[in-house]
Amino acid sequence: PFELGGVEGINAGLGETDWIVTRSRHEYDEVFTQLSPQNGKVTGAAAKQEMVKSKL
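Add 1 to a position in the sequence shown, counting from 1, and you land on the number used in my numbering.
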């Protein structure tokens, strides 16, 4: 019963050999770079601001 009508995108990538994130990775890498990471990390404040902006 939980699968009936499932959530949109729940099966995205099912049966594919590539990792689904690879498709949009360049977009997210660009956003990450704009947050001015230091040693591969962004501040909590910068991350929160971006997540609020994107409604995550």
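Think of the CB as a built atom: it goes at the ideal place given N, C-alpha and C, for glycine as much as any other residue.
Contact under 8 Å by Cβ, residue i with residue j
i	j	result
V95	E51	In the structure as shown, the chain starts at 2 and stops at 57, and residue 95 therefore has no counterpart that could be examined.
L36	A47	yes
Per DSSP, the bridge partner or partners of residue i
i	result
Q35	Paired residue(s): none; Q35 is not in a bridge.
K42	Q39
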